[in-house]
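Novice:
Protein chains: 2
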Amino acid sequence: MLQLTILGTNAASPAHKRHPTAQVLSLPYTHFLIDCGEGTQIQMQRYRVKINKLKAIFITHLHGDHYLGLIGLLSTMHLIKRVDALDIYAPPDLADIIRINLKCSDTRLSFPVHFHPVSDKGQEIVYEDGGFTVETIKMNHRIACVGYLFREKPKKLKVLIDKLPEEVAWQIPAELQKGRDYYNEEGGILYKCEEYTYRPPSLVFAHCSDTLYNEAIIPQIEGADLLYHESTFLHEELEKANMTHHSTALQAATIAHKAKVKKLVIGHYSARYKDLQPLLEEARTVFENTHLAIEGEKIHIERTEL
Amino acid sequence: MLQLTILGTNAASPAHKRHPTAQVLSLPYTHFLIDCGEGTQIQMQRYRVKINKLKAIFITHLHGDHYLGLIGLLSTMHLIKRVDALDIYAPPDLADIIRINLKCSDTRLSFPVHFHPVSDKGQEIVYEDGGFTVETIKMNHRIACVGYLFREKPKKLKVLIDKLPEEVAWQIPAELQKGRDYYNEEGGILYKCEEYTYRPPSLVFAHCSDTLYNEAIIPQIEGADLLYHESTFLHEELEKANMTHHSTALQAATIAHKAKVKKLVIGHYSARYKDLQPLLEEARTVFENTHLAIEGEKIHIERTEL
Chain U
1 MLQLTILGTN
11 AASPAHKRHP
21 TAQVLSLPYT
31 HFLIDCGEGT
41 QIQMQRYRVK
51 INKLKAIFIT
61 HLHGDHYLGL
71 IGLLSTMHLI
81 KRVDALDIYA
91 PPDLADIIRI
101 NLKCSDTRLS
111 FPVHFHPVSD
121 KGQEIVYEDG
131 GFTVETIKMN
141 HRIACVGYLF
151 REKPKKLKVL
161 IDKLPEEVAW
171 QIPAELQKGR
181 DYYNEEGGIL
191 YKCEEYTYRP
201 PSLVFAHCSD
211 TLYNEAIIPQ
221 IEGADLLYHE
231 STFLHEELEK
241 ANMTHHSTAL
251 QAATIAHKAK
261 VKKLVIGHYS
271 ARYKDLQPLL
281 EEARTVFENT
291 HLAIEGEKIH
301 IERTEL
Chain E
307 MLQLTILGTN
317 AASPAHKRHP
327 TAQVLSLPYT
337 HFLIDCGEGT
347 QIQMQRYRVK
357 INKLKAIFIT
367 HLHGDHYLGL
377 IGLLSTMHLI
387 KRVDALDIYA
397 PPDLADIIRI
407 NLKCSDTRLS
417 FPVHFHPVSD
427 KGQEIVYEDG
437 GFTVETIKMN
447 HRIACVGYLF
457 REKPKKLKVL
467 IDKLPEEVAW
477 QIPAELQKGR
487 DYYNEEGGIL
497 YKCEEYTYRP
507 PSLVFAHCSD
517 TLYNEAIIPQ
527 IEGADLLYHE
537 STFLHEELEK
547 ANMTHHSTAL
557 QAATIAHKAK
567 VKKLVIGHYS
577 ARYKDLQPLL
587 EEARTVFENT
597 HLAIEGEKIH
607 IERTEL
C-alpha cells in the first residue's frame, strides 16, 4: 500500500486556511515529497510527516506556490544535522535558486544534495530504485512544467497456497514461485504456474500538476490506481482556465474517465472557492470516484488483492 | 500611537507552532513589515494584517528565517494586482534572490519595487517621510545584519486649552501653536508659550535582530519607547549564544537596562524552549518591564501624555 498525504491544496496564494501545493507519497520504506509550496515544513510538522524520512523531492515547475518552501525545508534539514543525501528532481533553474540562497546565508549544508535537472518533454524515467520508477508526464502550462508518474516495479509471483493440496502446499514448490510449471513426481500431477500463482498488480500514481486540458497524457496515465489532477476552476470559468493554463473540475474528471483510472483526487483550488463542494460535484458528473484533496488527509493507494 | 504585531517568534526553523521572524509596525497611515520569514503572508491572513497596506519591508539579514517568505508575499501582492510601489530595504544580495525567482516563474510584477540596498555599517538614515525616519543599527552576527530604529519626527506643539481662560480658549491663539508667546491685548495678559503648550514626545522603536551582546548600540537606542531585542537562549547557554552570534535573555535585558528604554520585548526563541517562561523570568531579573513576543499579539507603543 502506498499513502498520499495532502499538505497543501491551494493555487497561487494561501487562502481560506489552505496552503500552497505539497503532497507526500509514502512508500513502505521512505517518503517522496511532490512540490513544496511555502509553509510545507510547517505542514509536515502539523501532520507528523518526518522530515528526515524524505528521500527525494519532485518539483513540477517554478511557480512560487510549488517550490517556495524548499529552501526553508533544506535549511531545517541542515539544522537538524541531516547526513543522508537528498535527491531533488526539478526544472534546471531551481539549482540556481538553491545555490544563491545558500550562498547569501553562507550555508554549507550538512548533507549532500543530488540535483537532477528534469526536462519538460515528459515520458522520461528520472528515478529508479529496487521497487519504483518515476517518469515525467508532459504538462502544458505557462512555464516548463512536468507531472510525475510513480510506478511500482512488477511484483514477485505469489503462490495460491490455498488452491494447492496439502501435501504440496506445506513446502511451496520453488518452480511455481519462479514462474515455471511444477510437476509433482510422487503425485504424478502437473501444477500449471498460471493456475496456481498470481502476480500482485503494481500500483501506479499519476500526479498531474498545473496544466491545460491535455488528452495527450492519457495513454501514459491509463489505468492508474490514483490520479491527482489539478482542478483550479469550475467549468463556468473555462476562459480563465485557458488563459492561465489550468484545468476545470470537469476537464480533470474527463481525463480520469478517458484514462480509465481507478480513483481521482482533485486539488489546486482557486482562492475564489471557499466552498469546494461544487468542484467535487462537477467532477463527479463525469467521474464518480472523485475525491477532494483536503489538507491533512491521507489517501490510501491500494492494490486489489485476488 | 504605534502598534507592533508579532507574526513570527522562532529562531532558525518553525517549532512548537511558532513561526520564523516577522513583525508589522503599524503607523497611523501605513504598515511596515520587519523581516519576512517563511509563512509570513499566512500569518498576516491569520492575524488580519492587510497585505496591501504594506508600504515598506525592512529585512535585517539573509538567514532564511528572516526573509524566505518574501517571494511568496510579493507574488501574492502581484496576484491581487497591487499597483502602489513597494519599498524594500535589505542587504544588497537580496536583489539577486528576488530577481532570479521572478525570472524563473516568468513573473513581471504588477507594481514597482524600489529596492534599497542597506549597508551593515549601521547609523545610516535609510528611510524618511513626513512623520518618520528609519535608521540602521549595527548588529554583530555571522553574516551582514542590521537592526532598524524607527523614530517619529518632532511633533507639532499642542496648546493646553484647559489652562487658558475661556475668552481666549474658544479660538486658540495662533502664536501659541507656532511656539511664540501670545499677548492678549484686550485682557492685557501675556500667555507664555512654554506654560500653555507642550510638545508630544516622539516615539522611538528599536528593532535589534540577530546579534551578539553588543554595548556599542546603547547610545543609539537610548531611551527608546520600545526595544525589541532577540533573546535566542537562556544565559546558561551563553557558549552556544556566542558560537552562533546570538544573545541570551539576560543579555537582552542588560542592553534594555543600560539603554534606559521604556519597555523590552524579547523573541527569536530557540526551538529547544517549548516553554518560554524561563526566558521571561531571566530577563525580568535585570529589566522588569520585559514582555515575551507572542504570535498574534499587538503591542502598543504609546506616548506618555502630559
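Those protein sequence lines, which keep their order, are chains U and E.
Here our numbering is used: position 162 in the first sequence is 162, and no number is missing along the way.
Numbers in our numbering are just positions in the second sequence, counted from 1, shifted up by 306.
The beta-carbon is built from N, C-alpha and C at its ideal position, and this holds for glycine as well.
Fair warning: this is a prediction, and the values are worked out from it, not measured in the lab.
1. Sort Q43(U), M1(U), L2(U) by Cα distance to T9(U) and report the nearest one.
2. At the level of alpha carbons, what is the spacing between G296(U) and G187(U)?
3. By Cβ distance, which residues of its chain are closer than 6 Å to T382(E), with the 5 residues on each side in sequence left out?
4. Please confirm whether any heavy atom of the ligand SAM lies closer than 7 Å to the CB of K138(U).
5. Using a Cβ-Cβ cut-off of less than 9 Å, give me the residues of the stretch 446-473 of chain E that come near chain U, in sequence order.
6. Since G375(E) meets chain U, which of its residues come closer than 7 Å, beta carbon to beta carbon?
7. For A85(U), which residues from the same chain have a beta carbon less than 8 Å from its beta carbon, with the 5 sequence-adjacent residues on both sides left out?
8. For F287(U) and E344(E), I'd like the C-alpha separation in whole angstroms.
9. Taking only the alpha-carbon atoms, compute the straight-line gap between R151(U) and K359(E) and give it to the nearest angstrom.
10. For H548(E), which residues in chain U fall below 9 Å Cβ to Cβ?
11. On the CB-based measure, 16 or more other CB atoms within 10 Å of its CB, does L7(U) come out buried or exposed?
12. Can you tell me the Cα-Cα spacing of T290(U) and D93(U), whole angstroms?
13. Roughly how many whole angstroms lie between the Cα atoms of I57(U) and L582(E)?
14. Could you say which of P91(U), L2(U), R82(U) lies nearest to T136(U) if we only look at CA atoms?
15. Determine the DSSP secondary structure at A216(U), reduced to helix, strand or coil.
16. At what residue ranges does the stretch 459-489 of chain E contain a whole run of the alpha helix (DSSP H), taking only runs of 4 or more?
17. Are the stretch 218-225 of chain U and the stretch 235-254 of chain U in contact at 8 Å, needing three or more beta carbon pairs?
18. Taking buried to mean at least 16 other C-beta atoms within 10 Å of its own C-beta, is R99(U) buried or exposed?
19. Chain U beta carbons: is any one of them nearer than 8 Å to that of H369(E)?
20. What number of angstroms, rounded off, separates the C-alpha of L25(U) from the C-alpha of Y89(U)?
21. Pick from Y127(U), L203(U), P219(U): whose alpha carbon is nearest that of K263(U)?
22. Report the CB separation of Q3(U) from K298(U) in whole angstroms; it is logged as a contact under 8 Å.
23. Between the stretch 445-456 of chain E and the stretch 367-376 of chain E, do three or more beta carbon pairs fall short of 8 Å?
24. Would you please verify whether the beta carbon of G573(E) is less than 8 Å from any beta carbon of chain U?
25. Going by DSSP, what residues sit across from G267(U) in a beta bridge?
26. Quick check on P423(E) - is its C-beta less than 8 Å from some C-beta in chain U?
27. What number of angstroms, rounded off, separates the C-alpha of H235(U) from the C-alpha of P20(U)?
28. Would you mind sorting H246(U) into buried or exposed? The rule is 16 or more other CB atoms within 10 Å of its CB.
29. Taking Cβ to Cβ, would you say K637(E) is nearer than 8 Å to D468(E)?
30. By the criterion of Cβ-Cβ separation under 7 Å, what are the contact partners of S411(E) in chain U?
31. Return the CA-CA distance between V134(U) and L79(U), expressed in angstroms with no decimal places.
32. Assuming Y269(U) contacts A11(U) under a Cβ cut-off of 8 Å, what Cβ separation, rounded to an integer in Å, is found between them?
33. With a threshold of 8 Å between beta carbons, is P312(U) in contact with chain E?
34. S515(E) CB to nearest chain U CB: under 8 Å?
35. Give a yes or no on whether the minimum CB-CB distance between S319(E) and chain U is below 8 Å.
36. At what residues does the alpha helix (DSSP H) containing K604(E) begin and finish?
Specialist: In this structure, then:
1. Counting from 1 along the first sequence, the entry for residue 9(U) is found at position 9. It is Q43(U).
2. Here residue 296(U) is taken as the residue at index 296 of the first sequence, counted from 1. Here residue 187(U) is taken as the residue at index 187 of the first sequence, counted from 1. Going by the C-alpha atoms only, they are around 56 Å apart.
3. Counting from 1 along the second sequence, the entry for residue 382(E) is found at position 76. Taken in chain order, the residues that qualify are Q347.
4. The ligand SAM is not part of this structure, which contains no ligands at all.
5. R448, I449
6. Stepping through the second sequence from its first residue, residue 375(E) is reached at position 69. E38, listed in chain order.
7. As a working mapping, residue 85(U) is identified with position 85 in the first sequence. Correct list, in chain order: F111, P112, V113, H114.
8. For the purposes of this step, residue 287(U) is identified with residue 287 of the first sequence, where counting begins at 1. For the purposes of this step, residue 344(E) is identified with residue 38 of the second sequence, where counting begins at 1. So the two alpha carbons sit approximately 37 Å from each other.
9. Here residue 151(U) is taken as the residue at index 151 of the first sequence, counted from 1. Here residue 359(E) is taken as the residue at index 53 of the second sequence, counted from 1. C-alpha separation (whole angstroms): 48 Å.
10. Within the second sequence, numbered from 1, the residue matching residue 548(E) stands at position 242. The sequence shown places Asn at residue 548(E), rather than the His named in the question. None at all; the shortest Cβ gap to chain U is about 18 Å.
11. Position 7 of the first sequence, counted from the start, is the residue given in the question as residue 7(U). It is buried - the Cβ of L7(U) has at least 16 other Cβ atoms within 10 Å.
12. For the purposes of this step, residue 290(U) is identified with residue 290 of the first sequence, where counting begins at 1. For the purposes of this step, residue 93(U) is identified with residue 93 of the first sequence, where counting begins at 1. Their Cα atoms are separated by approximately 34 Å.
13. Start at 1 with the first residue of the first sequence, and residue 57(U) comes out as number 57. Start at 1 with the first residue of the second sequence, and residue 582(E) comes out as number 276. Cα-Cα distance, rounded: 34 Å.
14. What you label residue 136(U) is simply residue 136 of the first sequence in a count that begins at 1. It is P91(U).
15. In the first sequence, residue 216(U) corresponds to position 216, counting from 1. Of the three classes helix, strand and coil, the one that applies to A216(U) here is helix, per DSSP.
16. 472-475, 480-483
17. no
18. Counted from its first residue, the first sequence places residue 99(U) at position 99. Label assigned to R99(U): exposed.
19. Reading the second sequence from its first residue, position 63 is the one you call residue 369(E). It does; some Cβ of chain U falls within 8 Å.
20. Within the first sequence, residue 25(U) is the residue found at index 25, counting from 1. Within the first sequence, residue 89(U) is the residue found at index 89, counting from 1. Cα to Cα, L25(U) sits roughly 15 Å from Y89(U).
21. Working through the first sequence from its first residue, we reach residue 263(U) at position 263. The shortest Cα separation from K263(U) among Y127(U), L203(U), P219(U) belongs to L203(U).
22. Position 3 of the first sequence, counted from the start, is the residue given in the question as residue 3(U). Position 298 of the first sequence, counted from the start, is the residue given in the question as residue 298(U). The pair is a contact, with the Cβ atoms about 5 Å apart (cut-off 8 Å).
23. yes
24. For the purposes of this step, residue 573(E) is taken as the residue at position 267 of the second sequence. Chain U, which has no Cβ nearer than 8 Å to the Cβ of G573(E), makes this no.
25. In the first sequence, counting from the first residue as 1, residue 267(U) sits at position 267. Paired residue(s): E230(U).
26. For the purposes of this step, residue 423(E) is identified with residue 117 of the second sequence, where counting begins at 1. Not one chain U Cβ lies under 8 Å of P423(E).
27. Along the first sequence, read from residue 1 onward, the residue named residue 235(U) stands at position 235. Along the first sequence, read from residue 1 onward, the residue named residue 20(U) stands at position 20. Distance between the alpha carbons of H235(U) and P20(U): 22 Å.
28. Start at 1 with the first residue of the first sequence, and residue 246(U) comes out as number 246. Label assigned to H246(U): buried.
29. The first residue shown for chain E is 307 and the last is 612, placing residue 637(E) beyond what the model contains.
30. On the second sequence, residue 411(E) is found 105 positions in, with the first residue counted as 1. By Cβ distance, chain U contributes L62, H63, G64, I143.
31. If you number the first sequence from 1, residue 134(U) lands on position 134. If you number the first sequence from 1, residue 79(U) lands on position 79. Their backbone Cα atoms lie some 29 Å apart in a straight line.
32. Here residue 269(U) refers to the residue found at position 269 of the first sequence. Here residue 11(U) refers to the residue found at position 11 of the first sequence. About 6 Å; that satisfies the 8 Å criterion.
33. In this structure chain U extends from 1 to 306, so residue 312(U) is not present and cannot be described.
34. To locate residue 515(E), count along the second sequence from 1; it is residue 209. Closer than 8 Å: no.
35. Indexing the second sequence from 1 puts residue 319(E) at position 13. So, interface residue.
36. The residue given as residue 604(E) occupies position 298 in the second sequence. Taken as a continuous stretch (DSSP letters only), K604(E) belongs to no alpha helix (DSSP H), being part of the beta strand (DSSP E) at 604-607.
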